[in-house]
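See structure below.
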Amino acid sequence: MTPQPNSVKSGSQQLDEMYSNLRNSNINVRAVWIQVTSPINWFSSSTANINFLNSILARASQYGLTIGIYTSYYDWNQITAGATINNAMLWYWNVYGGGPSNETPPNFNDFRSFGGWMAPSVKQFAQVESVCGVTVNRDVYSTSNTMNAAAVAKSGKSEQITVGGLGLANAAAFTGKPEIKA
588 MTPQPNSVKS
598 GSQQLDEMYS
608 NLRNSNINVR
618 AVWIQVTSPI
628 NWFSSSTANI
638 NFLNSILARA
648 SQYGLTIGIY
658 TSYYDWNQIT
668 AGATINNAML
678 WYWNVYGGGP
688 SNETPPNFND
698 FRSFGGWMAP
708 SVKQFAQVES
718 VCGVTVNRDV
728 YSTSNTMNAA
738 AVAKSGKSEQ
748 ITVGGLGLAN
758 AAAFTGKPEI
768 KA
């Protein structure tokens, strides 16, 4: 989910729309990744940003969704002033620019803890690359953090698609609702 902080809609309304549109399309949602990037698109007040994000997190909890945040060390600190988040997965990006010459190594060796995260679930190490004529970003994740595909397929109705399994093995350790604290 790419939230729009400057929208007339609250964070919770934006999550409601995304969730209901997916559910109305017969898609079962288990987890949502919230994009917290591009500080210029956010409020200048970290308190306003935290409140906006917490409204998304609270609504996601009401739906029983696991939350992940897609961000970087720099973006998180600019947008939230280094606030701490609990009970959320991390998908961080570390890329020098677009294209293959600007990749970072496809591992977690460059990770440094921030925002309360001690370990990531996923890392984006490349952006704007062409693979078979399609422009993609490239990511790496630990296979121990993924769910068994067969278990996901048995989620109920056979015609229903289930999304949001990436990283859920890590989420099993969460002990409460996700929340950001300044």
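Numbering-wise, this note's numbering puts 619 at position 32 of the sequence shown, and it's gapless, one number per residue. Quick reminder that beta carbons are idealized off the backbone N, C-alpha and C, glycines included.
(1) Three Cβ pairs or more, each shorter than 8 angstroms: is that satisfied between the segment 713-723 and the segment 656-675?
(2) If you count every other CB in all the chains shown that lies within 10 Å of the CB of residue 705, and 16 or more means buried, which is it?
(3) What are the uninterrupted segments assigned as alpha helix (DSSP H) that are 4 or more residues long and contained completely in the segment 678-754, given in chain order?
(4) Please report the straight-line C-alpha distance between residue 730 and residue 650, rounded to a whole angstrom.
(5) Distance check for residue 751 and residue 781, CA to CA, integer angstroms please.
(6) Could you check the C-alpha separation between residue 636 and residue 612 for me, to the nearest Å?
(7) With a 10 Å radius around its C-beta and 16 neighbouring C-beta atoms as the bar for buried, classify residue 610 as buried or exposed.
(8) Going straight from the alpha carbon of residue 687 to that of residue 627, what length do you get?
(9) Does the beta-carbon of residue 662 have 16 or more other beta-carbons within 10 angstroms, so that it is buried, or is it exposed?
(10) Counting only the same chain and skipping the five closest in sequence on each side, list residues whose C-beta sits under 8 angstroms from that of residue 633.
(11) If you follow the alpha helix (DSSP H) that residue 638 is part of, which residue opens it and which one closes it?
(12) Just the Cα atoms here: how many angstroms apart are residue 684 and residue 758?
(13) According to DSSP, is residue 655 helix, strand or coil?
(14) Using 8 angstroms as the threshold, is the C-beta distance between residue 646 and residue 755 below it?
This is what the structure gives:
(1) No, the segment 713-723 is not in contact with the segment 656-675.
(2) exposed
(3) Qualifying alpha helix (DSSP H) stretches, in chain order: 736-740.
(4) Cα-Cα distance, rounded: 27 angstroms.
(5) The requested residue 781 does not occur in the structure, where the chain is confined to residues 588 to 769.
(6) 30 angstroms
(7) exposed
(8) 26 angstroms
(9) So residue 662 counts as buried.
(10) 666, 667, 668, 670 and 769
(11) 633-649
(12) 30 angstroms
(13) strand
(14) no
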